[in-house]
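Residue -2 is where the sequence shown starts when you use the numbering used here, and the numbers rise one by one after that. Even for Gly, the Cβ is constructed at its ideal location relative to N, Cα and C.
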Amino acid sequence: GPLTLANSIIDQPGNNALGYGGNPNDLLVGYVLSSDVTTLPAVAGVALGRPTYVNAAAGNYRLALNSLGIDFAPPIVGDDRDLDNNPHDQDLPEVGNLFGVRDLGAYERQRSCGAGDTIFCDGFGDP
């Protein structure tokens, strides 16, 4: 049957991104950042690259400030919360928008400078 892969990150170097044996016309892919694109359709919004995470070794897969995948895709009406229940589609002015303001993956980067009470904005200790 059909498969839709959208607004996603596939970060598994050395492995194919997708093994899909169905009808190629049933494969809908849009706004994907992947460490392998050889098994993905060559369409706008599919990019080769690896994101930078806040602290993957500790299980924190939120995107770091200047990571690929930040402000990557257009907003989606009705899908307004990320996995942490924070709002999607937060435009970071210091990060250029590729196709829109939505970050790829499960988490939306909320601020470029940590919490609202941040005094210094050096990134040290910020999520």
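Do you know how far the Cα of residue 43 is from the Cα of residue 31? Rounded to the nearest angstrom, the gap between the Cα atoms of residue 31 and residue 43 is 8 Å.
Cutoff 6 Å; reference residue 16; Cβ partners in own chain excluding five residues on either side: Once the five neighbours on either side are set aside, residue 16 has no close Cβ partner at all.
Between residue 86 and residue 99, is the Cβ-Cβ spacing less than 8 Å? Yes, they are a contact pair.
Tell me the DSSP bridge mates of residue 84? Under DSSP, residue 84 forms a beta bridge with 78.
Roughly how far, in whole angstroms, is the beta-carbon of residue 72 from the beta-carbon of residue 97, given that I think they are within contact range, below 8 Å? The C-beta separation of residue 72 from residue 97 comes to about 6 Å, placing the pair in contact by the 8 Å criterion.
Continuous beta strand (DSSP E) stretch holding residue 27: start and end: For residue 27, the enclosing beta strand (DSSP E) covers residues 24 to 31.
Where the beta strand (DSSP E) through residue 59 begins and ends: Residues 57 to 60.
Straight-line Cα distance separating residue 46 from residue 90: The alpha-carbon atoms of residue 90 and residue 46 are separated by roughly 22 Å.
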